[in-house]
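Notes to accompany the following structure.
Residue numbers (mature numbering (1 follows the signal peptide of the UniProt record, and there is no 0)): -21 to -1, 1 to 705.
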């Protein structure tokens, strides 16, 4: 296995060196000079500075085809002064009729809104950057970029924008403070691209051309923003973000007393350089973070829910993207899961063009009622860029219990004294993005030689305009332990090849169609096969952006431990039993530009113990654009098994209402009824963004027992945050 990985790594390095080192779209250059007049962000292009600015136009079509100029005209101008980077965009209409948007909600869904987005690479490394934009109604979009084109929209920062609508166009104007972004000091060329999506014309376009198999966010295909002089230094850049919170909650199920909350905490952001940032937090609270969407859990292993807390997100890819989806040595949601976070610090960003650093330390308090000691979490990541866009990353993770001497006769569980992980990862990304992949190794350590395990995994992916294939293999030893990670399964070898092909016919209705085939094998550490999933699917995408997929699959499972196939009854299938079945299903999503949208997926076929499982999921949506969006999601599972399970039915229903009164005033309410866990959850959140990055939240939450609709617990929280630039 290690010899194979060495060969794979060598092949990856050869592929990386064969592709052209020069930037692909280096010829696409937008020259920017300092503003010659003050600029008011009002969505009106009436300043002298805009008249004198160079224009980026003649966009290239990305979809439905990538072989011609765009039909929809877009004109972009940029300028700057000592405080801000300015942008104004004239988005011309091609077809008559209203624009298409979901709502005024921040960080909107890209494919469901007429929008304009800016992607910029201020480090000129084609790997990391920032994105800003708006939809045609003025809802803002901002995020950090990593891995050469991935976007994390949970990142939030201070900037201003305005959208004005006209009969034949909409204009987007924005001011982005230099203090809100990180950039390399002294360089006069940044990577940059502009993306436009027009749903009436069903056209996505970019200023610098991007092949249609890649997202318009791909930093490998950015053009160049040429400054007339090096960007101004941001100067003293310290932001303090205090919060005040009041709340009340009551646990009716345990007949507990009413609990009152009166809390104060603070975050601080300190720019050590123009590209290196220090974040501090004291007594953080995340009560305003939207709750996770519930799912019907029929899996044998732990489910993954993404991080949503703001403090962990900036440059979070250095920590969170190490590994694969089911081999994550660091998963920030483990911190503060069962104990309050007292304080923390994080240093992250660029040291120079080739080196990035991420260092984080978090301290949690003890929970005496659970016998849980105070714990310290430390993560250190160091990344070195190699070649055009590839990098090597080393990581160290340490979880330490402080002043902890467990009593073996205590009724409380015994917690580990420490758990450590050390890892090294090579990430391949060729200059043209056709070849991507990674190879990684991890080692875990515990007290007295326990928890000492090893992980190795690698993949290599090729994606051309028509053909996509991927090879991935993984090994996780039985004793590997990542207490601050997400590794739901250990003691296995995994092999997973996949291949897909797409045809792009000259059709007025169909954009693309083609098959995908894949298989995944699991073996235990003695070489015995324990799992296999093999599938074949056929995909169709229409020019209207609606999609359809038909799939069929085969599953084999040899249980390594007892398992309840309903995750509900408590009755289990014994370890060592073998189960096989076949199934088929469909998926469909309607065109996003309609006011009424819908999607569904179906699944029919076998299940454990020669049983059957039937599933249908639907999502219906209607919007009164741009102010109200209504959605209803349903998931129904019918599981037919022999005794003692017999027939089990699970419903999961989730109506949701989003009201966006303005692009700074939001109200969300949704209900989740989960029959599997016998719970009804009601969550409402009111948010007023009274200044950029400063908010007032009111969050109300209820949990009920479905019958006889008994209240289990209830809470309401009022939270005030203010972003203050020192």
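Ideal Cβ positions, reconstructed from N, Cα and C, are used throughout, including at glycine.
Contact check for residue 465 against residue 280 fails: the beta carbons are separated by 8 Å or more.
Counting every other CB atom within 10 Å of its CB across the protein chains shown gives residue 72 a total of 16 or more, marking it as buried. By a beta-carbon distance limit of 8 Å, residue 98 does not contact residue 70. Their separation comes to about 16 Å. With a beta-carbon spacing of about 7 Å, residue 58 and residue 12 fall inside the 8 Å limit used to define contacts. About 4 Å separates the Cβ atoms of residue 525 and residue 570, confirming a contact at the 8 Å cut-off. Minimum Cα-Cα distance from residue 165 among the listed residues 203, 254 and 139 corresponds to 254. When beta bridges are read from the DSSP output, residue 428 appears opposite no residue.
In the three-state reduction of the DSSP assignment, residue 473 falls in the strand class, which pools E and B.
If you check the CB distance, residue 419 and residue 402 come in under 8 Å. In this structure, the alpha-carbon of residue 522 lies about 49 Å from that of residue 245.
Two segments are said to touch when three or more pairs of C-beta atoms, one from each, lie closer than 8 Å; by this definition the region 642 to 657 does not touch the region 556 to 574. Exposure of residue 426 is indicated by the presence of fewer than 16 other C-beta atoms within 10 angstroms of its C-beta.
The closest CA to that of residue 305, considering only 203, 453, 404 and 398, is found on 453. Around residue 308, the same chain offers 301, 302, 374, 376, 400, 402, 421, 461 and 464 as residues with beta carbons nearer than 7 Å, after the five sequence neighbours per side are excluded. The region 21 to 101 contains, as complete beta strand (DSSP E) runs of 3+ residues, the segments 39 to 42, 53 to 59, 63 to 71 and 94 to 100 (chain order). Selection 233, 474 and 673 evaluated against residue 513 yields 474 as nearest (Cα-Cα). Taking every protein chain shown into account, the CB of residue 267 has 16 or more other CB atoms within 10 angstroms, so this residue is buried. About 14 Å separates the beta carbon of residue 605 from that of residue 178, a gap too long to meet the 8 Å contact definition. Residue 367 is not a Cβ neighbour of residue 297, given a cutoff of 8 Å.
Under DSSP, the beta-bridge partners assigned to residue 320 are 343. Three or more beta-carbon pairs separated by less than 8 Å link the region 249 to 264 to the region 327 to 346, which places the two stretches in contact. Comparing C-alpha distances from residue 682 to each of 676, 675 and 691 shows the shortest one belongs to 691. Under DSSP, residue 694 shares a beta bridge with 228 and 680.
Measuring C-alpha to C-alpha distances from residue 86 to each of 139, 113 and 66 identifies 113 as the nearest. Residue 694 is positioned such that its CB atom lies closer than 8 Å to that of residue 227.
Fewer than three Cβ pairs drawn from the region 529 to 538 and the region 475 to 488 lie within less than 8 Å of each other, which leaves the two stretches out of contact.
Minimum Cα-Cα distance from residue 632 among the listed residues 616, 625, 651 and 638 corresponds to 651. Linking residue 469 to residue 444 through their CA atoms gives a straight-line distance of about 36 Å.
In this structure, the CA atom of residue 545 is about 53 Å from the CA atom of residue 251. Secondary structure in the region 572 to 600: the beta strand (DSSP E) runs of 3 residues or longer, each lying completely within the stretch, are 575 to 586 in chain order.
Here the alpha carbons of residue 500 and residue 397 stand approximately 33 Å from one another. Sixteen is the threshold: when 16 or more other Cβ atoms of the shown chains lie within 10 Å of the Cβ of residue 89, as they do, the residue is buried.
With contacts defined by Cβ atoms closer than 8 Å, residue 362 and residue 343 do not form a contacting pair. Segment contact: the region 13 to 23 against the region 33 to 43, fewer than three CB-CB distances shorter than 8 Å; contact not assigned. In the three-state scheme derived from DSSP, where H, G and I count as helix and E and B as strand, residue 383 is classed as coil. In this structure, residue 110 sits near residue 121, with a CB-CB distance shorter than 8 Å.
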